[in-house]
Structure formats: structure tokens, C-alpha cells
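J.: Before anything else, here's the structure in question.
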Amino acid sequence: MRTAAVLLLPVVLVAVPVALAQEGAVLLRGSLPEDVQAKQAAQDPAEAESFVVVSDPSLVGAVLPPQSSEGQSPDEMMTGSISVPDEGVFALRAFEDPAPGVATLNQGASTGLSGGAKLVPVARFSERVNSVGRQQRAEGNGVAGRAAPASAQGAAGGSSGGVGTTAEAFDGETRFDAPVGLRVGTFTIFSEASLRGGYSDNLSQTRGGEAGSYVVVEPSVTARSNWARHELSLNLNGSLTTYSTGLDPEKSILAGTALRLDIDPSLTGTGNLSYAYSQESNSTAESAGGVEDVHEISGELGLARELPLATVRGRVGAVRSQYAGASGSSSERNNTLYSTGLRLDANTGAILRPFTSADLLLRRFDASCNSDCEKRNSWGYEMRLGTRVDYGAKLAGDISAGWRAEHLDDETLGDLSGLVAGANLVWSPTRRTTVTAGVNTTFATTTIAGSSGSAIYAGDMRLAHDFSDRLAGELGAGVSLRHYEGVGIDEVTATGLAGLTFAVTRNAALQAKYTYRAFTSSQGGSDYDENSIEAGVRIRH
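Letter by letter, the sequence shown follows residues 1 to 541 of the UniProt record's numbering.
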């Protein structure tokens with residue numbers, strides 16, 4: 001096997017410059033020369049690993065194949081489909097991160113780790129890291145997000161005061177079982193499934209709730225195109241939790257597709273369509289003591305034009321929300337929110353890159369008058385001022401603040417308005433440690449008499465550490481504040497978590513997690529807290 005690898009090396013050295021010219025950086029599984037390894041190990045032990053990303057054809061010759069293992073097949077050698085941590089394989093494949101110009105179903109927005117009053121799984125640590133990394137690469141390579149020459153990438157990184165992007169930061173995932181995907185035609189498909197068992201001292205998440213065990217199943221499938229221009233991604237994931245005490249199962253589904261069209265070097269079109277199913281917490285005032293099913297269908301079309309001094313982005317979108325459940329007035333909440341907006345980003349090339357955005361809003365309910373004959377149709381606006389932060393691989397993200405207002409048709413109801421704040425930050429103090437922080441503001445409708453709706457402010461901070469290529473750990477804390485306008489109801493949810501993941505094989509990992517949740521409300525009899533522990537296995541390819 002080692003002989004075969006050495007014989008293939010000349011072919012590799014000829015092929016890689018062509019691949020670099022066509023597809024950008026290349027991922028090489030090999031080892032650096034001993035003198036280079038020793039030098040890098042003295043600076044940072046993580047640099048001496050055999051996982052090397054080469055963006056300059058002149059550097060390819062410095063990467064040498066490591067010792068071959070007896071168990072690998074020639075097909076695995078040729079396809080480069082072996083997991084990164086196997087030190088017995090020299091693998092070559094295009095280094096394919098999610099494209100920077102494609103919107104995803106979850107852009108890393110914070111829900112305070114509590115789901116924003118919805119019963120949904122906590123977002124993966126990697127989602128915010130990947131979201132910020134995509135934005136960095138999009139700005140560095142133009143609005144289309146197409147691969148730029150290595151020299152251009154280096155210039156972009158230098159101008160931002162740092163080197164590289166947060167794509168180089170640890171994303172919270174174990175490296176030993178890093179997914180390689182399955183190539184089907186012009187698409188790469190990634191699949192994953194988790195099965196965990198757990199115990200909670202308050203299964204129903206209500207005051208005086210009983211303890212018991214539960215089982216969680218979380219499958220997901222993602223497909224991404226490998227086209228030279230444009231990109232299409234599809235995503236489907238879900239969660240099902242069943243309880244030993246006879247409680248109704250807890251379910252969530254998220255499905256969607258996103259498309260990026262590279263119209264010309266300075267003009268990009270985007271579109272996305274998604275469906276989400278979730279359940280509201282039965283402790284919130286909105287659910288009236290019963291679980292509400294929430295169905296949301298959203299779609300958006302956008303255009304981005306890069307100008308010499310700024311990038312202009314325009315968008316139109318709609319979100320359809322439909323409710324069903326224990327509350328008799330559930331259907332009265334069914335509505336559609338239409339929006340159109342414009343965003344202006346300064347192309348300063350500096351660490352801080354200001355932006356401003358403005359949106360017009362129009363909300364229409366299915367029922368023109370609810371049971372209390374309150375006309376809740378509304379129009380409104382949202383304005384934000386913020387800045388992107390780009391200090392290379394060390395610190396990146398965005399911070400913004402502004403004002404949002406929805407003016408209801410019913411004059412007896414006050415405006416649903418207030419300060420909006422947002423932030424998505426990724427800080428990488430070391431190559432093995434990453435800290436993320438997020439803030440998000442959302443506005444929700446209601447059928448509570450006398451209230452025009454609620455504003456939900458959420459924030460969280462999370463830390464992930466890479467102990468080794470097999471072991472990763474995470475700590476997190478978050479809070480969500482929900483205020484109902486006009487009726488003086490306030491709800492606070494605080495959440496903390498700690499988790500470990502240990503990769504057993506190239507496809508399987510063991511997981512363990514502890515979660516604490518505390519809920520308080522200005523309405524009496526709703527407060528509760530919960531402690532839960534989970535352990536299980538994750539399979540991915």
C-alpha cells in the first residue's frame with residue numbers, strides 16, 4: 001500500500017495545481033516533513049497534525065504521505081473518502097465547505113438555548129461558527145461567494161486585520177468521525193442520526209411535573225451541489241421525544257432548500273423555501289395550559305450587487321404561520337407576514353464594516369376579527385444599524401440594533417413595538433477553543449385579550465473545546481425574555497448545558513449531556529425548573 005501511495009504521488013502533484021486552479025483549496029491527508037513538523041509543533045501542537053489544507057500549488061510538494069495501514073482498500077486510497085484522523089491513509093479531495101453565498105435554514109440566530117418558547121432541539125454549536133464563516137468568505141470573495149485566487153484570499157485576510165476565516169476555528173465537532181458524505185451525481189449527501197436515552201426530574205416542564213425517562217431520536221439529511229457555478233442545498237431534519245409516563249410525544253421538523261445563482265461577478269441572486277413544525281411550551285401564557293402545534297412556511301428571494309464602495313442587497317419574503325392545539329382560539333392566530341427590505345454594507349476592507357437595513361412589514365390574519373372582535377391586521381417597519389466584525393480567524397461576526405414597530409388596525413390595541421438587537425460573534429482564542437455569543441429579537445402575535453403581541457429577547461454564550469481528535473466538550477448558558485405588550489405578562493427562561501462527545505469509530509460517536517432549565521412568569525403557578533441528563537450514540541457519514 002505504501003508503494004502504491006508513492007507511485008501515485010507524481011500523479012497527485014500534477015493533478016493538484018489543476019484542481020487548485022479550478023476548485024480552490026485542496027485537502028491533503030498526509031504528513032509534513034519532520035523539520036517542518038518540529039517547527040510547527042513548537043509553535044502550536046495542533047499545527048503538526050496530518051490534516052493539511054494547501055491553497056498554493058507550490059506548497060503541494062512539501063506534503064508527504066504517512067505510513068500506510070494494512071486495512072485500507074485501493075478504492076479508499078483513490079477516492080480520498082477516508083476520515084481525516086486515520087494516519088495510515090494519504091487522501092486527496094476538494095476541500096468543500098458550505099458555500100458562503102447560500103442561505104441556510106438556521107443562520108446561527110440565538111434562542112437563548114431555550115427555543116424561544118418553542119419545543120425545539122438546541123441548535124448545534126457548529127451552526128453559528130459555519131454561518132459566520134460563510135459570511136466572511138462571501139465578503140472576501142465577492143457577493144457571489146465564488147472561490148478567489150489564493151493571493152486574493154490572502155489580501156482579503158490581511159486587510160481585515162487577521163489571517164483566514166472562522167472556518168479555521170474549532171466548530172465543536174469531533175474530527176475523528178468527520179463526515180465525508182456520499183457523492184451522487186453532482187451532489188454530495190451527508191446523513192446523520194442520533195439516538196439518546198435520558199432522565200428528567202420534570203418531564204412535562206410544568207410546576208410540580210413528575211420525573212421519568214425519555215428517548216430522543218434525531219435524524220438529518222443534507223444535500224449540496226458540487227457545481228462550478230451556482231449552488232443548491234437541501235436539508236431535512238427532525239426530532240422525536242417519547243416519554244415513559246404517557247405524555248404526548250414531542251416532535252419537530254425542519255425542511256428546506258436554498259439556491260444561489262451567480263449571475264455575474266458582481267451580481268448574485270438567492271432564494272430559499274422552508275417548512276418548520278414545532279410545539280409551543282405548555283407553560284407559556286400563549287398556550288393556555290396545552291401544547292400548541294406551530295406550522296411555518298417561509299420563502300424569500302434576494303439580489304445582491306457589489307459596488308466599489310458598498311454592497312446593496314434587496315429582498316422580498318413571506319412567512320405563513322398556522323396554529324392548532326388545545327386552545328380554542330388557535331386558528332385565530334393564523335396569519336401571513338409579508339416583508340421587503342434593503343440592506344447597504346460598506347466595503348471598507350477594515351476590521352469593522354458598518355451596515356444599515358430597513359424593512360417594510362405587512363401582516364394579514366385569516367380571520368378579520370377574532371372572538372373578542374379585535375382587528376389584528378397590521379403594517380410596520382424595522383430599521384437597524386450595525387457593523388460586521390472581521391478579524392480573521394480570531395474574531396468575526398456582526399452586531400446590530402434598531403427599532404421595530406407594527407401598527408394594528410384596532411385602535412384599542414397599542415402598537416407592537418420595541419428595541420431590536422442582534423449579534424452573532426465567534427471568538428477563537430486558541431485553535432482548539434472557540435467561544436460564541438448570540439443575541440436575537442423576535443416579535444410574535446397573540447390572541448390574549450388586550451395584548452397586541454409579544455417581544456422575545458434571547459441571548460446565549462457557548463464554549464467548545466477540542467481535547468483531541470476523538471473528544472470534544474461544550475459548555476453553554478442562555479436566557480430568553482418574553483414580554484406581552486399591553487397586559488404586563490413577563491416570562492423568563494434560563495438554560496445551562498454541558499456536553500461531551502467521544503468518537504469511537506469513523507462513523508460512530510458516544511454523546512452525553514446535562515441540561516438545566518428554569519422558567520419564571522409574572523403569572524402565578526407557572527414557575528418550574530428542570531434537570532435532565534442524556535446519553536446515546538451518533539452515527540454519521
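Glycine residues also receive a C-beta, built at the ideal position from the N, C-alpha and C atoms.
1) Indicate the three-state DSSP secondary structure (helix, strand or coil) for S126 in the structure shown.
2) Please state the DSSP three-state secondary structure of G133.
3) Roughly how many angstroms lie between the CA atoms of G438 and R128, to the nearest whole one?
4) Quick check on F519 - is its C-beta less than 7 Å from some C-beta in chain B?
5) Reducing DSSP to helix, strand and coil, say where R260 ends up.
6) Between which two residues does the beta strand (DSSP E) holding F502 run?
7) Alpha carbon to alpha carbon, how far is N130 from G392?
8) Counting along the chain, where does the beta strand (DSSP E) carrying A301 start and finish?
9) Of the choices R482, R540, Q279, whose alpha-carbon is the least far from that of T505?
10) Taking all protein chains shown into account, decide if N309 is buried (16 or more other Cβ within 10 angstroms of its Cβ) or exposed.
11) Kindly list the residues whose CB is nearer than 6 Å to the CB of T515, restricted to its own chain and excluding five residues on each side of it in sequence; keep chain order.
12) For the beta strand (DSSP E) that contains K513, what are its first and last residues?
13) By the 10 Å Cβ neighbour count, where 16 or more other Cβ atoms means buried, how is D366 classified, buried or exposed?
14) Pick out whichever of A503, R470, S451, V120 has its Cα sitting closest to the Cα of E286.
15) Touch check for the region 186-201 and the region 519-526: three-plus C-beta pairs under 8 Å?
16) If you draw a straight line from the alpha carbon of L182 to that of L259, how long is it in whole angstroms?
17) Taking the alpha-carbon of N507 as reference, which of V537, T493, F519 has the nearest alpha-carbon?
18) When burial is assigned at 16 or more other CB atoms within 10 Å of the CB, is E210 buried or exposed?
19) Just verifying my parser: in three-state terms, what is the DSSP assignment at R183?
20) First and last residue of the beta strand (DSSP E) that includes R472?
21) Just to confirm my understanding: we take A223, look at its own chain, exclude 5 residues before and 5 after, and list those with CB closer than 6 Å. What are they?
22) How close, in whole Å, do the beta carbons of V426 and V132 come, if the pair is a contact with beta carbons under 8 Å?
23) Any contact between the region 245-261 and the region 459-476? By contact I mean 3 or more CB pairs, one from each, below 8 Å.
24) Considering only residues of the same chain and omitting the five flanking positions on each side of Y338, which have a CB-CB separation below 7 Å?
25) To the nearest angstrom, how far is it from the Cα of S321 to the Cα of S378?
26) Report the three-state DSSP secondary structure of S244 (helix, strand or coil).
27) For A285, does the three-state DSSP call read helix, strand or coil?
28) Look up E231 in the DSSP assignment and say whether it is helix, strand or coil.
29) Kindly indicate which residue of E280, T340, D345 has the alpha-carbon position closest to the one of Q135.
30) Tell me the DSSP secondary structure of R333 in three-state form.
31) Below 8 Å, can you find three or more Cβ-Cβ pairs linking the region 461-477 to the region 268-285?
32) Return the residue from the list D409, S200, K251 that minimises the CA-CA distance to R364.
33) Take the Cβ of F467 as the centre, count every other Cβ of all protein chains shown within 10 Å, and call the residue buried at 16 or more, exposed below.
34) Would you identify the three-state DSSP class for E210, choosing helix, strand or coil?
35) For the candidate residues G418, S213, F355, R229, whose alpha-carbon lies nearest to that of G246?
36) Within 10 angstroms of the Cβ of V184, are there 16 or more other Cβ atoms? Answer buried if so, exposed if not.
T.: Looking at the coordinates:
1) For this step, residue 126 is matched to residue 126 along the sequence shown. In the structure shown, S126 sits in a helix (DSSP, three-state: H, G or I).
2) Residue mapping note: residue 133 aligns to position 133 of the sequence shown, counting from 1. Of the three classes helix, strand and coil, the one that applies to G133 here is helix, per DSSP.
3) Against the sequence shown, residue 438 aligns to sequence position 438. Against the sequence shown, residue 128 aligns to sequence position 128. Looking at the two C-alpha atoms, the distance is approximately 9 Å.
4) Looking at the structure shown, chain B is missing, and only one protein chain is on hand.
5) Residue 260 sits at position 260 when you count from the first residue of the sequence shown. Strand.
6) Here residue 502 is taken as the residue at index 502 of the sequence shown, counted from 1. Start and end: 489-503.
7) The sequence position of residue 130 within the sequence shown is 130, counting from 1. The sequence position of residue 392 within the sequence shown is 392, counting from 1. About 14 Å.
8) Indexing the sequence shown from 1 puts residue 301 at position 301. One detail in the question is off: residue 301 reads as Leu in this sequence, not Ala. Segment 292-306, the beta strand (DSSP E) holding L301.
9) Along the sequence shown, one-based indexing puts residue 505 at 505. Ranking R482, R540, Q279 by Cα distance to T505 puts R540 first.
10) Within the sequence shown, the letter at position 309 stands for residue 309. Looking at the sequence itself, residue 309 is Leu, so the reference to Asn does not match. Using a 10 angstroms sphere on the CB of L309, the tally of other CB atoms stays under 16, which defines it as exposed.
11) Within the sequence shown, numbered from 1, the residue matching residue 515 stands at position 515. Result list for T515: L497, S532, in chain order.
12) Numbered from its first residue, the sequence shown carries residue 513 at position 513. Element bounds for K513: 508-521.
13) Position 366 of the sequence shown, counting from 1, holds the residue named residue 366. With fewer than 16 Cβ atoms within 10 Å of its Cβ, D366 is classed as exposed.
14) As a position in the sequence shown, residue 286 is number 286, starting the count at 1. Among A503, R470, S451, V120, the Cα nearest to that of E286 belongs to S451.
15) no
16) For the purposes of this step, residue 182 is taken as residue 182 along the sequence shown, with counting starting at 1. For the purposes of this step, residue 259 is taken as residue 259 along the sequence shown, with counting starting at 1. Spanning the alpha carbons of L182 and L259 requires a straight line of approximately 20 Å.
17) Counting from 1 along the sequence shown, the entry for residue 507 is found at position 507. Ranking V537, T493, F519 by Cα distance to N507 puts V537 first.
18) As a working mapping, residue 210 is identified with position 210 in the sequence shown. Exposed, since its Cβ has fewer than 16 Cβ neighbours within 10 Å.
19) Within the sequence shown, residue 183 is the residue found at index 183, counting from 1. Strand, per DSSP.
20) Translated into the one-based positions of the sequence shown, residue 472 becomes position 472. What sits at residue 472 in the sequence shown is Ala, not Arg. If you look at A472, you'll find it in the beta strand (DSSP E) that goes 471-485.
21) Here residue 223 refers to the residue found at position 223 when the sequence shown is read from its first residue. Excluding sequence positions up to five before and after A223, its CB lies within less than 6 Å of the CB of F187, I189, L234, all in the same chain and listed in chain order.
22) One-based indexing of the sequence shown puts residue 426 at position 426. One-based indexing of the sequence shown puts residue 132 at position 132. V426 to V132, Cβ: 5 Å. Contact.
23) no
24) The residue given as residue 338 occupies position 338 in the sequence shown. Closer than 7 Å at the Cβ level, and outside the excluded window around Y338, lie A318, L362.
25) Mapped onto the sequence shown, residue 321 falls at position 321. Mapped onto the sequence shown, residue 378 falls at position 378. Answer to the nearest angstrom: the Cα atoms are 15 Å apart.
26) Position 244 of the sequence shown, counted from the first residue, corresponds to residue 244. Coil at S244, not helix or strand.
27) The residue given as residue 285 occupies position 285 in the sequence shown. In the structure shown, A285 sits in a helix (DSSP, three-state: H, G or I).
28) The count along the sequence shown starts at 1 and reaches residue 231 at position 231. Three-state DSSP puts E231 in a strand.
29) Taking the first residue of the sequence shown as 1, we reach residue 135 at position 135. Of the candidates E280, T340, D345, the one whose C-alpha sits nearest the C-alpha of Q135 is D345.
30) As a working note, residue 333 is residue 333 in the sequence shown. Here R333 sits in helix by DSSP.
31) Segments in contact, no.
32) Numbered from its first residue, the sequence shown carries residue 364 at position 364. When each option's Cα is compared against that of R364, the closest is D409.
33) Here residue 467 refers to the residue found at position 467 when the sequence shown is read from its first residue. Exposed, since its Cβ has fewer than 16 Cβ neighbours within 10 Å.
34) The sequence position of residue 210 within the sequence shown is 210, counting from 1. E210 falls in the coil class under three-state DSSP.
35) Taking the first residue of the sequence shown as 1, we reach residue 246 at position 246. Closest option to G246, Cα to Cα, is S213.
36) Here the question's residue 184 lines up with position 184 in the sequence shown. V184 is exposed by the Cβ-count criterion.
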